[in-house]
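Its first residue numbered 8, the sequence shown is counted upward by one per residue in my numbering.
Contents: one structure, followed by commentary.
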Amino acid sequence: MAESKWLHPPRCCWLEQGRPINASPQVLDAVARTLRLDAPEREHLYRLAEVPFETEPGALPRGVAPEVQGIIDALDPLLAVVYNSRYDILAANPAYRDLFAVRKARGIGVPNALWTLFTVTDEDCPVVHRERELPVMVATLRSSYGRHVGEPAWEEYIRALSAASSWFAQLWASGEVIPPGPRVKTFRHAAVGDMRMTSQSLSIDGMPECRIVAYTPEDEESREKVTLLRERRERLWPPAYTTENPAP
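This is the structure in structure tokens:
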């Protein structure tokens, strides 16, 4: 039988037992390498040591596997997107792109839903009742932030978005925390009007803190409008529309 990598981890046991131990990130990284810890185990080690955990740059997701892209594409005409806990957009299907013109966020370098929603005008925002919905998204972001306090990428993201939007800065300072969960949201498209949609999050194996978010019509009128958007897209871009790029 292969020897378990946890047979000789005295310092990890001390951490599990709550015994005080001062360990630098360098020491923790050395322990993780010696024990051949995977990413979730390495993160757990950092949390036990009460040291801010920063994912290694090479381990940050840049997109999704073809199988995941295939799943969200198959949900069309339902809107579907893959977010990480920071609302970076890792993948999206054509129906999502019909509604959200999400561009790379200045200072971050990746498409980000929160950045977009906080920096567009009310007229250009696809989310109706933005004054009600965006505070919920910020509170959800803060529930994830607790696992990343002190990480340079997260701290720069919060700083940059606070500088770009005084409203975000105000909401962030309030300290509200809400875990992710299903909600009924109203979206607006210039071609079909308002659509009431229920959001549902699904976890993805092997991608911690990432989730598929799918939006299903709340009523028959919204369902018809979602179908109309798909038909409109197929008329406008029949052969060329593609999902090779995971986010707009």
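Think of the CB as a built atom: it goes at the ideal place given N, C-alpha and C, for glycine as much as any other residue.
Computed from a predicted structure; not experimentally measured.
- In the assembly as shown, Asp105 is a buried residue. Its beta-carbon has 16 or more other beta-carbons within 10 Å.
- With the rule of 3 Cβ pairs closer than 8 Å, the stretch 77-94 counts as touching the stretch 222-229.
- Taking the CA atoms as reference points, Gln207 sits about 5 Å from Pro189.
- In this structure, the CA atom of Ala56 is about 8 Å from the CA atom of Leu35.
- Closest in C-alpha terms to Pro101, from the list Arg93, Pro118, Ala81, comes Ala81.
- Minimum Cα-Cα distance from Pro32 among the listed residues Asp129, Leu124, Lys232, Tyr53 corresponds to Tyr53.
- The three-state reading of DSSP puts Tyr53 in helix, counting H, G and I together.
- CA-to-CA, the gap between Ser151 and Val145 works out to about 10 Å.
- Distance from Ile165 to Trp179 at the Cβ level is roughly 7 Å; contact confirmed, criterion being Cβ atoms closer than 8 Å.
- For Ile185, the closest alpha carbon among the candidates Ala72, Thr41, Val75, Ser92 is that of Ser92.
- When C-alpha distances from Arg230 are compared across Met202, Arg218, His196, the shortest belongs to Met202.
- CA-CA distance, Tyr90 to Val134, rounds to 17 Å.
- Taking a C-beta distance under 8 Å as the contact criterion, Pro118 and Asp95 qualify as a contact pair.
- A direct Cα-Cα distance of roughly 25 Å separates Val38 from Asp212.
- At the C-beta level, Val199 and Leu141 stay beyond 8 Å of one another.
- Counting only the Cα atoms, Thr205 lies some 18 Å from Ile78.
- Apart from the 5 residues on each side of it in sequence, Arg195 sits with its Cβ closer than 7 Å to the Cβ of Pro133, Val135, Asp201 in its chain, given in chain order.
- Close CB contacts of Thr128 within its chain, under the 8 Å cut and outside five residues either way in sequence, are absent.
- Membership of Gly77 in any beta strand (DSSP E) is not indicated; the residue belongs instead to the alpha helix (DSSP H) covering 73-81.
- Excluding its 5 nearest sequence neighbours in each direction, Pro187 has C-beta neighbours in its own chain below 8 Å: Thr147, Ser150, Ser208, Arg218, listed in chain order.
- Residue pairing for Pro224: DSSP places it in a beta bridge opposite Met204.
- Listed in chain order, the alpha helix (DSSP H) runs fully inside the stretch 144-197 are 159-171, 173-181, counting runs of at least 4 residues.
- In the structure shown, Tyr90 adopts extended strand secondary structure according to DSSP, grouped into three states.
- Straight-line measurement puts the Cα of Asp131 at about 26 Å from the Cα of Ser181.
- In the three-state scheme derived from DSSP, where H, G and I count as helix and E and B as strand, Ser229 is classed as helix.
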